[in-house]
Amino acid sequence: MGRLNWEQWRTDNPKPEREWARSPCPRCGAVTVKEASQKCRPTQLPSGEYECPRDDEEAPTYFGFLHDHSPEIEEWNGKFWGAVAYDEGYTDQLD
């Protein structure tokens, strides 16, 4: 549909800085890589390969060991998905 000028929207709604916080490992509860190296065991994937704990630099940054807990990014995400719904024609309200 394309009812929204995305360049203007991005100018009016700049994305805030992210604030990352480490969450415990969902498998063993470790909080640090050193702790995980003592607690975690490799997990076998459906493909037959094994996945092991990773260093901070290699950790997933969206859904995984690092999570953004910034209230500003949560507010921005709400505005963004509202704009997507408006642009796709799911709603006539643009907040």
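First residue of the sequence shown? That's 296 in the working numbering, and the numbers climb one at a time after it. Note that beta-carbon positions come from the ideal geometry of N, C-alpha and C, so glycine has one too. Computed from a predicted structure; not experimentally measured.
| Own chain residues within Cβ distance below 7 angstroms of threonine 386, not counting five before or after | The residue you call residue 386 lines up with position 91 of the sequence shown. Only Ala380 meet the Cβ criterion.
| task | To the nearest angstrom, report how far apart alanine 378 and glutamate 370 are at their CA atoms. | result | The residue labelled residue 378 in the question sits at position 83 within the sequence shown. The residue labelled residue 370 in the question sits at position 75 within the sequence shown. Note on geometry: alpha-carbon atoms of alanine 378 and glutamate 370 lie some 13 angstroms from one another.
| task | Would you grab the beta carbon distance between serine 365 and proline 311 for me? Rounded to a whole angstrom, and I think it's under 8 angstroms. | result | As a working mapping, residue 365 is identified with position 70 in the sequence shown. As a working mapping, residue 311 is identified with position 16 in the sequence shown. Right, the Cβ-Cβ distance comes to about 7 angstroms (below 8 angstroms), so this counts as a contact.
| Own chain, CB closer than 7 angstroms to proline 299, minus 5 neighbours either side, in chain order | Taking the sequence shown and counting its residues from 1, the one referred to as residue 299 is at position 4. With the sequence shown as reference, residue 299 is identified as leucine, and proline is not the correct amino acid for it. Taken in chain order, the residues that qualify are Ala378, Tyr381 and Asp382.
| message | DSSP three-state label for proline 341, please. | response | Taking the first residue of the sequence shown as 1, we reach residue 341 at position 46. Correct three-state label for proline 341: coil.
| With a CB to CB cut of under 8 angstroms and the five nearest residues on each side skipped, what residues in its chain are close to phenylalanine 358? | Counted from its first residue, the sequence shown places residue 358 at position 63. Model confidence at phenylalanine 358 stands at a pLDDT of 36, short of 50, so the residue's coordinates are unreliable and nothing is read from them.
| said: Looking at the secondary structure, which residues open and close the alpha helix (DSSP H) in which glycine 373 lies? | reply: For the purposes of this step, residue 373 is identified with residue 78 of the sequence shown, where counting begins at 1. Where glycine 373 is concerned, the enclosing alpha helix (DSSP H) stretches over 366-382.
| aspartate 241 by DSSP, collapsed to three states: which one? | Beyond the ends of the chain as shown, which are 296 and 390, falls residue 241; an answer cannot be given.
| Taking just the CA atoms, how far does tryptophan 304 sit from leucine 389? | To locate residue 389, count along the sequence shown from 1; it is residue 94. To locate residue 304, count along the sequence shown from 1; it is residue 9. Cα to Cα, leucine 389 sits roughly 11 angstroms from tryptophan 304.
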